Every structure is written in structure tokens, then in C-alpha cells.
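Note that the UniProt record's numbering has the sequence shown beginning at 1, numbered continuously upward.
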Amino acid sequence: MTDPQKPTAVLVHGAFAESSSWDDVIVGLQAEGYRVIAVANPLRSVASDSAYLKRVVDSIPGPVVLVGHSWGGMLISQAAVGSPNVTGLVYVAAFAPEAGESAADLSEGGSLGPTLTAIALEDGSNDVYVDPAKYHHQFCADVPDAQAAILAATQRPIRDAGLGEPASQDEPAWKHLPSWFLFGDQDLNIPVSSHRSMAARAGAVRTEEVPGASHVVGVSHPDKAIAIVLEALRAG
1 MTDPQKPTAV LVHGAFAESS SWDDVIVGLQ AEGYRVIAVA NPLRSVASDS
51 AYLKRVVDSI PGPVVLVGHS WGGMLISQAA VGSPNVTGLV YVAAFAPEAG
101 ESAADLSEGG SLGPTLTAIA LEDGSNDVYV DPAKYHHQFC ADVPDAQAAI
151 LAATQRPIRD AGLGEPASQD EPAWKHLPSW FLFGDQDLNI PVSSHRSMAA
201 RAGAVRTEEV PGASHVVGVS HPDKAIAIVL EALRAG
């Protein structure tokens, strides 16, 4: 049973994933009495997705810890600005952009691009997703074949324009809020050097680099994700 006196964990999935990617983390947090909301991320643009997330956050009574995976990090960095109930930010293999930086900037050197395939949209942009045949190696090399096949089949596409869209020119929330970083050293989407530099410039309370972990470190090592989110929740 959840405890209404405790902070709420708001989990934000990234591109090429969906809310169920947090399933094991949700179970662990709920077992400790925390309320959890796994947001259905629209995956349309930095500005509109962040605005949507901010409305979710502002609707929650009491303190909130925002947890972002991958593209979700772009959003928590922006949505927490001006939301006084947010007490901390957790980046799980996630982007933590400086003002004006894009996901494309921060993933330079990664190998995602050649694995993407597109669906044309009416406005001239595209929805992009990872070719299912390449998904296991690219996205989640450290999970079993059967689990990777499910992740590939349930992935949600992102509008391509969003990947190159710069973060707001406002100061990101990680400059004012405590932050925690968890990532794997075998992440093929976001280079480990980028993870390390983002954590360092944010002055992270704690940075944990998991040997052998892929881009889905929260799926392959849910115990690590649960522990670092609990630390953030208890700090608030």
C-alpha cells in the first residue's frame, strides 16, 4: 500500500520504449510505499512533451521526484522549471541538456542513426523507430532474446524533428535541483563519455556507471534503478 505522506515518483520513458519499460522499477518502488506514475510520453517535441509533463507534475499534490530515461531526460530538465513541488531529478541512461542542446547533439558518436526506419507524417516530418531486426543489439543487448523481442514490438516512435530540437533557453532544472545519474558503459545510443560529462556538469549527488549495461539499464538492472530512485525520494 502506498503512503500519501511520501513523495511521488514520476517516471518518464524515452523514445523507442513505452511506460511498461518501467514495470520492474514500479514494483520495487511501490513495495516501499511510494506512489508511482509512469507517464505516457507523447514523443512529439521537446517543447510540447515538456509542457505536458509539467501539467502532470503540477496536478500532483505534495513533493515529486522526476525520473527520465533517454529522451525523458530532455523533458524532466525542462518540466521541473517553475514547478516548486519537484525535489529531485533522476537520469536513467538519459539526456541532461544544457540550454539550447538537443538530443542529437548529446548522442553524437552513438550508433543509433543507421538503425532507424521512418513512417511519413502529413506535416512532412516522420515518425522514426528502431528496425526490430536491429533493436536487440542497438538498444538492449544485455536482456534475453525473448524480452528484447517484446521491447522491439512494443516500442513507440518519436517524431524525428524532436531529436534535433534544442532544449529551452531557460536554465535547465538540474542547475537548481539535486540530480542522480545511472547509466551503462555499453550504451550504444548515448556515448558513455556524454553520460559522464552530463553528470559531472550537473554536480550529481551520485553517479553510478554499470559495467556491461546497455541503454535500457533500468530494464536489465532494475535493482540499480530502484535503489537510486529511492535515494532521491528519501532525500526529498
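Where is the CB? At the ideal position from N, CA and C, for every residue including glycine.
Since this is a predicted model, take the numbers as computed values, not measurements.
1. Using the Cβ count rule (16 or more neighbours within 10 Å means buried), how would you classify Gly-155?
2. So, under 8 Å CB-CB, Val-216 and Val-143 are touching, yes? Tell me the CB distance rounded to an integer number of Å.
3. What does the Cβ neighbour count give for Val-27, buried or exposed, with the cut at 16 atoms within 10 Å?
4. What's the C-alpha gap between Ala-225 and Gly-218?
5. Compute the distance between the beta-carbons of Val-86 and Val-67, then report whether it is under 8 Å.
6. Going by CA-CA distance only, name the one from Arg-196, Glu-101, Ser-59, Leu-11 that's closest to Glu-165.
7. Ala-149 to Gln-138, Cα distance in whole Å?
8. Evaluate Pro-178 with the Cβ neighbour count: other Cβ atoms within 10 Å of its Cβ, from every protein chain shown; 16 or more gives buried, anything less gives exposed.
9. Given this structure, state the Cα-to-Cα distance separating Glu-171 from Met-74, to the nearest angstrom.
10. For Ser-111, which residues in the same chain have their Cβ closer than 6 Å to its Cβ, ignoring the five residues on either side in sequence?
11. Report back the beta-carbon spacing between Val-229 and Leu-53 to the nearest angstrom; my notes put them in contact at under 8 Å.
12. Let me check one thing: in DSSP terms, what residues is Ile-119 bridge-paired to?
13. Straight-line CA distance for Pro-157 to Gln-5?
14. Note down, one range per segment and in chain order, each alpha helix (DSSP H) of at least 4 residues found wholly within the stretch 13–80.
15. Quick check on the burial criterion: 16 or more other C-beta atoms within 10 angstroms. Buried or exposed for Glu-208?
16. Going along the chain, which residues of its own chain have a beta-carbon closer than 7 Å to the beta-carbon of Ala-103, five neighbours each way excluded?
Result, derived from the coordinates:
1. This sequence places Gln at residue 155; Gly is not what is there. It counts as buried.
2. 7 Å
3. exposed
4. 5 Å
5. no
6. Glu-101
7. Going by C-alpha positions, Ala-149 is about 13 Å away from Gln-138.
8. buried
9. 13 Å
10. Leu-188
11. In fact, because the Cβ distance is near 17 Å, the residues do not count as touching under 8 Å.
12. Asp-127
13. For Pro-157 and Gln-5, the distance between alpha carbons rounds to 36 Å.
14. If one requires a minimum length of 4 residues, the alpha helix (DSSP H) runs lying completely within the stretch 13–80 are 23–31, 46–58, 71–79, in chain order.
15. That one is buried.
16. Trp-71, Met-74, Phe-95, Leu-163
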